[in-house]
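Right, one structure below, let's go through it.
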Amino acid sequence: MLSKKTKYAFHALTYLGKHRDQKTVLIQDISEEYGISHKFLENILLELKKAGILGSKKGKGGGYYLIKAPKDVALSKVIRLLDGPIALLPCVSLNYYEPCVECKSEAACGLNKVMIQVRDEMLKVLENKTLADILDKE
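In our numbering, the protein residues as written are 762 to 899.
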């Protein structure tokens, strides 16, 4: 399940994508639109900025804006940035691998094999879907 943080990030990115014609968007506008705490949203937007997805401008006319085109913002990147691994078990994670303590042998573990399939199918979707796909559905 996506965390609230990631869900709010997608809402903010969607809002910014819908308002690309504006130079910048105020945090307050996004916060009010989706009922997200201003401070919480500010932290999320800062993480997206550090990741090179958003830019910001200070002062009069300031706010946030998308640096990347919506088609270049993969859903998998946002999820990994804010939630960490996409895999459901650490022993099948591509980027955050850890062996399971209770497992004697990954090679003989049926759960491991099934979760690799689940991970691969999820990644097929999440790596090929972008912010543009969300905007197209709105």
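Heads up, the beta-carbon is just placed ideally off N, CA and C, and yes, glycines get one too.
- Each residue's CA atom was taken as its position, placing Leu-896 and Glu-867 some 40 Å apart.
- Take the alpha-carbon of Lys-779 and the one of Pro-831: they are about 10 Å apart.
- If you look at Lys-874, you'll find it in the alpha helix (DSSP H) that goes 871–887.
- Within the model, the alpha-carbon separation for Glu-882 versus Lys-810 is close to 29 Å.
- In the structure shown, the three-state DSSP call for Ala-893 is helix.
- For Tyr-825, the enclosing beta strand (DSSP E) has its first and last residue at 824–827.
- Annotation: Tyr-825 to Leu-850 spans about 35 Å, alpha carbon to alpha carbon.
- Between the beta-carbon of Ile-840 and that of Lys-829 there is about 16 Å, and that puts the pair past the 8 Å contact cut.
- Distance from the Cα of Gly-820 is smallest, within the candidate group Lys-800, Tyr-795, Gly-845 and Leu-787, for Leu-787.
- Boundaries of the alpha helix (DSSP H) around Gly-778: 765–779.
- Counting along the chain, the unbroken alpha helix (DSSP H) around Ser-837 starts and ends at 836–844.
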